[in-house]
Amino acid sequence: MTIDKKALVINREACPVCQSKDRTVLFSSKHNSPGFLDFIKLEKYYGNSFYDGYNNGPLKDLLYNVAECNNCHFVYLTEVLSDTGMGLLYNEWLDKELLKVHYSKLPYSTYEETILSIIKKHFSKKEKINLMDFGAGYGNFCSIATKKGFNTYAFDLSADKNDHMDSMGVTIINNLEKFNNYFSFIWVNQVFEHVSDPLGIVKQLQQSLTDDGLIFIAVPDCSNVKKILGEQGLSQDLFRLVSPHQHINAFTNSTLKLLGTNAGLTPMGMADFFQLYNTKLNFAELKLLAKKTIKNSGFSTGIFFRKTS
Ligand SMILES: [Zn+2]
Numbered sequence: 001m002t003i004d005k006k007a008l009v010i011n012r013e014a015c016p017v018c019q020s021k022d023r024t025v026l027f028s029s030k031h032n033s034p035g036f037l038d039f040i041k042l043e044k045y046y047g048n049s050f051y052d053g054y055n056n057g058p059l060k061d062l063l064y065n066v067a068e069c070n071n072c073h074f075v076y077l078t079e080v081l082s083d084t085g086m087g088l089l090y091n092e093w094l095d096k097e098l099l100k101v102h103y104s105k106l107p108y109s110t111y112e113e114t115i116l117s118i119i120k121k122h123f124s125k126k127e128k129i130n131l132m133d134f135g136a137g138y139g140n141f142c143s144i145a146t147k148k149g150f151n152t153y154a155f156d157l158s159a160d161k162n163d164h165m166d167s168m169g170v171t172i173i174n175n176l177e178k179f180n181n182y183f184s185f186i187w188v189n190q191v192f193e194h195v196s197d198p199l200g201i202v203k204q205l206q207q208s209l210t211d212d213g214l215i216f217i218a219v220p221d222c223s224n225v226k227k228i229l230g231e232q233g234l235s236q237d238l239f240r241l242v243s244p245h246q247h248i249n250a251f252t253n254s255t256l257k258l259l260g261t262n263a264g265l266t267p268m269g270m271a272d273f274f275q276l277y278n279t280k281l282n283f284a285e286l287k288l289l290a291k292k293t294i295k296n297s298g299f300s301t302g303i304f305f306r307k308t309s
């Protein structure tokens, strides 16, 4: 690997949610500090090219610097991969064959199917419902959406994954400019913990929503990240929430809400749904909505948003 550290990383000098520069560093370690490699190795999908970059290239010189915003209390890594670095991470460092096996073994998601049936009822007056899965992974959600008759789009920059999706009748896009005011529903599941500029992305997504459109954003629930960092340090539990290169943003339900609000979205509550529904929901759908709008599971936190008018 010939790439130097400068091209590989960016420093986030302001909070990615509220843009305040006032912050407290909670924990800091170089990637080549004693014991840190064991923490990195908790990612079991790194292939040889990653370890080559670590042993012979600039990857060991990176800094794992966990900060908390003093304004909104968002917890995030300050030094993160640049777009170039992210490209290398998802196209070269992570072993794609291993990942494919991982995704193919994921159980069929009744949770995703229930959300889609709710959205279908919500927009039942529309002839065609344009839907986008942003950061589409290996296409499980898109495959359910096409089966349910949505006009399905997937946004994903990784070419390999895109090839995988093409065969399912999904339109692959990697640029939102042409899609202003276009999507009735946008699904963003377990994406924003990975991206360096979540606010910039939500602003773009807000623009691509129709005026009556809805967006569902879900991220890992990191409400206990400071407790875990304090009590367990560099541990498996911490790795699940804030890990080098991959989980660079640690959201809670309230910082996720703030992210949406700052991008021109309004979080929805249960009452909004009851007002909006023209078709009755079944018990499973109601239960899921209640879970997603009132109480979130400890593992993940998700919010429905609409455009702020
Ligand atoms: Zn902040």
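Reading the sequence shown from the start, the letters are residues 1 to 309 in my numbering.
Glycine included, every Cβ here is placed at the ideal spot set by N, Cα and C.
Given that a residue counts as buried once 16 or more other Cβ atoms are within 10 Å of its Cβ, and exposed if not, what is L62?
The residue is buried, with at least 16 neighbouring Cβ atoms inside 10 Å.
Any heavy atom of ligand 1 nearer than 5 Å to the CB - residues listed:
Proximity annotation: ligand 1 has residues C15, V17, C18, S20, C69, N71, C72 and F74 in chain order, each selected because its CB is closer than 5 Å to a heavy atom of the ligand.
So, is P34 buried or exposed, given that buried needs 16 or more other C-beta atoms within 10 angstroms?
An exposed status is given to P34, since fewer than 16 other beta-carbon atoms sit within 10 Å of its beta-carbon.
Nearest by alpha-carbon distance to C18: which of S143, D83, V101 and P198 is it?
Taking only the C-alpha atoms, the option nearest C18 is P198.
The alpha helix (DSSP H) with C18 in it runs from where to where?
Segment: none, C18 is in no alpha helix (DSSP H) and carries neither H nor E.
So, are the CB atoms of L265 and V202 less than 8 Å apart?
Annotated as proximal: L265 and V202, with beta-carbon spacing under 8 Å.
Under a three-way DSSP split, which group does F155 fall into?
Secondary structure of F155 (DSSP, three-state): strand.
Rounded separation between P244 and Y64 - CA only
Taking the straight line from one Cα to the other gives about 6 Å.
Tell me, which residues are paired with D132 by DSSP?
Here the sequence assigns Met to residue 132, which means Asp is not the residue at that position. Per DSSP, Y153 and I186.
Mind checking which residues open and close the beta strand (DSSP E) that includes V80?
From DSSP, the beta strand (DSSP E) with V80 extends over E79 to L81.
For the candidate residues K226, T255, G260 and D95, whose alpha-carbon lies nearest to that of Y51?
Comparing Cα-Cα distances from Y51 to each of K226, T255, G260 and D95, the minimum goes to D95.
Looking at the unbroken alpha helix (DSSP H) that takes in A145, where does it start and where does it end?
Annotation for A145: the continuous alpha helix (DSSP H) segment containing it runs N140 to K147.
Contact between the region 185-199 and the region 122-141 is defined here as three or more beta-carbon pairs at a separation below 8 Å; is this criterion met?
Segments in contact, yes.
Rounding to the nearest angstrom, what Cα-Cα distance links K21 and A67 in this structure?
Each residue's alpha carbon lies about 11 Å from the other.
When you compare the region 70-89 with the region 105-124, are there three or more beta-carbon pairs, one atom per stretch, that lie closer than 8 Å?
No: fewer than three Cβ pairs fall under 8 Å.
How many angstroms separate the CA atom of P16 from the CA atom of A284?
Using only the alpha carbons, I get a separation of about 35 Å.
Pick out whichever of E112, F155 and A250 has its Cα sitting closest to the Cα of A145.
Considering only E112, F155 and A250, the residue with the shortest C-alpha distance to A145 is E112.
Determine contact between the region 30-47 and the region 231-246, defined as no fewer than three beta-carbon pairs at a distance below 8 Å.
Touching, per the Cβ criterion.
Which residues mark the beginning and the end of the alpha helix (DSSP H) in which L51 is found?
The amino acid at residue 51 is misidentified as Leu; the sequence shows Tyr. Where Y51 is concerned, the enclosing alpha helix (DSSP H) starts and stops at N48 to N56.
Apart from the five residues just before and just after S109, which ones in its own chain have a Cβ nearer than 8 Å to its Cβ?
Hits under 8 Å: N140, F141 and I144.
Keeping to the same chain, check which residues put their C-beta closer than 6 Å to that of N181; ignore five residues upstream and five downstream.
Closer than 6 Å at the Cβ level, and outside the excluded window around N181, lie T210.
8 Å Cβ cutoff met for Y45 and L81:
Cβ distance not < 8 Å, so Y45 and L81 don't count as in contact.
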